[in-house]
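The block underneath contains the structure these notes are about, expressed in structure tokens.
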Amino acid sequence: MATKPDAAGAGQTGTPRVAYQGEPGAFSEEAVLAYFASPSAVAVPSWRSVFESIADGSVDSGVVAIENSLGGSIRETYDLLYEFALCIAGEVTVPVRLALMALPGQQLDDIERVYSHPQAITQADEFLRTRPWQVMTAYNTAGSAKMIRDRGERGAAAVASARVAAIYGLEILAHDVQSGEENHTRFAVLSRAADLPVGWIRQRPATPPKTTLVFATRNVPGSLWRCLGSFAERDINMSRLESRPSRAARWEYVFWADLDAAVDDPNAAAALDALREHAAMVRVLGSYPRAAEG
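The numbers in the sequence shown follow our numbering, run straight up by one, and end at 1757.
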């Protein structure tokens, strides 16, 4: 099913408006450009703003970080997925390569403060611990670079994608400050409908299907075991399972799962039917091709 045109968006033809969190140069913007063929990328200040912009029709779609290969799950995203009635229409993985950058003329020995998003700080921790810098969090990697440019702040550096330096007139002091070579962030592509028009999406290799869902167990012995058995009995692999606190009651939880199957696969459909018999709540957020590994 394709999305329908609306007054604020592009519909099935033209250029889709796609929201991302941060500033131009952010990894979220890279996700937009990697997934969509010819998007109009719309910067918004927060993950919540991405969800709100899609829900109210200001944009056609949006991307949100859902997991980093080193830092793990982006918990705020899961909470917002539970709160908003949006669909996951796809996913894209972006390699994370980080650089340290500062105003022109600055040297490493001049730096006293380093700004970046908490995830990027975690991912660059080994490098940042090599000097007695004051490490300070910012709302976005590219935003930290923009802040230094706007303030003309000497003695300060930002950790961000290397391409950010040219955007904000900074100079790179150190390349590849991230830990390890396999640092990737996975982004969910969100929309108000289950599918996006094919013409919006950049061509990519065919990949196996994946389905994301959230469910809540009943508060009785063996409930989770029976829920998980719905998939095991039908040979449906669950590639990811994670719990998050329920907003409905104290000390109760919902479970997020990724299935290695499409929602219309007969065994997966039967497993979901069985799950609904055992669970207190089941919601399928989307069935889509798995991201190609970059």
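Backbone N, C-alpha and C define an ideal beta-carbon position, used for all residues, glycine too.
For clarity, every value in this text was computed on a predicted model and none was experimentally measured.
- [ ] Count the other C-beta atoms from every protein chain shown that fall within 10 angstroms of the C-beta of W1663, then say buried if there are 16 or more, exposed otherwise.
- [x] Here the question's residue 1663 lines up with position 200 in the sequence shown. By the 10 Å Cβ count, W1663 comes out buried.
Open item on the list: Do L1636 and Q1570 have their beta-carbon atoms positioned less than 9 Å apart in this structure?
Closed with: Position 107 of the sequence shown, counting from 1, holds the residue named residue 1570. Position 173 of the sequence shown, counting from 1, holds the residue named residue 1636. Cβ atoms of Q1570 and L1636: closer than 9 Å.
- [ ] Kindly indicate the opening and closing residues of the alpha helix (DSSP H) around H1638.
- [x] Reading the sequence shown from its first residue, position 175 is the one you call residue 1638. Premise fails: H1638 is in no alpha helix (DSSP H) and is neither H nor E.
Task: Span separating the alpha-carbon of M1464 from that of Y1545 - done: Translated into the one-based positions of the sequence shown, residue 1464 becomes position 1. Translated into the one-based positions of the sequence shown, residue 1545 becomes position 82. Confidence at M1464 is low in this model, with a pLDDT of 32, below 50, so the placement of that residue is unreliable and no value is reported for it.
- [ ] Could you name the residues of the same chain whose beta carbon sits closer than 8 Å to that of E1575, not counting the 5 residues immediately before and after it, in chain order?
- [x] Residue mapping note: residue 1575 aligns to position 112 of the sequence shown, counting from 1. W1596, Q1597, G1618 and A1619.
Open item on the list: Beta-carbon within less than 7 Å of A1629's beta-carbon, same chain only, minus the 5 sequence neighbours each way: which residues are those?
Closed with: Taking the first residue of the sequence shown as 1, we reach residue 1629 at position 166. Excluding sequence neighbours, A1629 sits near nothing in its chain.
- [ ] Let me know the secondary structure DSSP gives G1474 once reduced to three states.
- [x] Walking along the sequence shown from the start, residue 1474 turns up at place 11. Unreliable positioning characterises G1474 in this predicted model, as indicated by a pLDDT of 48, which lies under 50. The coordinate reading is nonetheless provided below. Looking at G1474 - three-state DSSP - the assignment turns out to be coil, as it is neither helix nor strand.
- [ ] With a threshold of 16 other CB atoms inside 10 Å of the CB of S1510, please say whether the residue is buried or exposed.
- [x] Your numbering for residue 1510 matches position 47 in the sequence shown. The question names Ser, but residue 1510 in the sequence shown is Trp. So W1510 counts as buried.
Task: Local Cβ density within 10 Å of W1714, reported as buried at 16 or more and exposed below that - done: Here residue 1714 refers to the residue found at position 251 of the sequence shown. W1714 comes out exposed.
Open item on the list: To the nearest angstrom, how far is the alpha carbon of Y1716 from that of D1572?
Closed with: Numbered from 1 along the sequence shown, position 253 holds the residue referred to as residue 1716. Numbered from 1 along the sequence shown, position 109 holds the residue referred to as residue 1572. Computed Cα separation, rounded: 48 Å.
Task: With 16 other Cβ atoms within 10 Å as the buried cut-off, status of W1719 - done: For the purposes of this step, residue 1719 is taken as the residue at position 256 of the sequence shown. Its Cβ being crowded by 16 or more others within 10 Å, W1719 is buried.
- [ ] Identify, in the order they occur along the chain, each residue of the same chain with its Cβ nearer than 6 Å to the Cβ of F1650, setting aside the five sequence neighbours on each side.
- [x] Translated into the one-based positions of the sequence shown, residue 1650 becomes position 187. Closer than 6 Å at Cβ, skipping near neighbours: A1494, V1526, A1528 and V1555.
Open item on the list: In the DSSP output, which residue or residues are listed as bridge partners for H1647?
Closed with: As a first step, residue 1647 must be located in the sequence shown, where it is residue number 184. Answer is P1558.
- [ ] Report the rounded CA-to-CA distance for A1725 versus E1644, giving the unit in angstroms.
- [x] Here residue 1725 corresponds to residue number 262 of the sequence shown, with the count starting at 1. Here residue 1644 corresponds to residue number 181 of the sequence shown, with the count starting at 1. In a straight line, the C-alpha of A1725 is about 31 Å away from that of E1644.
Task: Span of the beta strand (DSSP E), counted from its first residue to its last, around R1703 - done: Looking up residue 1703 in the sequence shown gives position 240. Taken as a continuous stretch (DSSP letters only), the beta strand (DSSP E) holding R1703 covers M1701 to P1708.
- [ ] From the DSSP output, in three-state form, read off N1531 for me.
- [x] Reading the sequence shown from its first residue, position 68 is the one you call residue 1531. Note: N1531 maps to strand in three-state DSSP.
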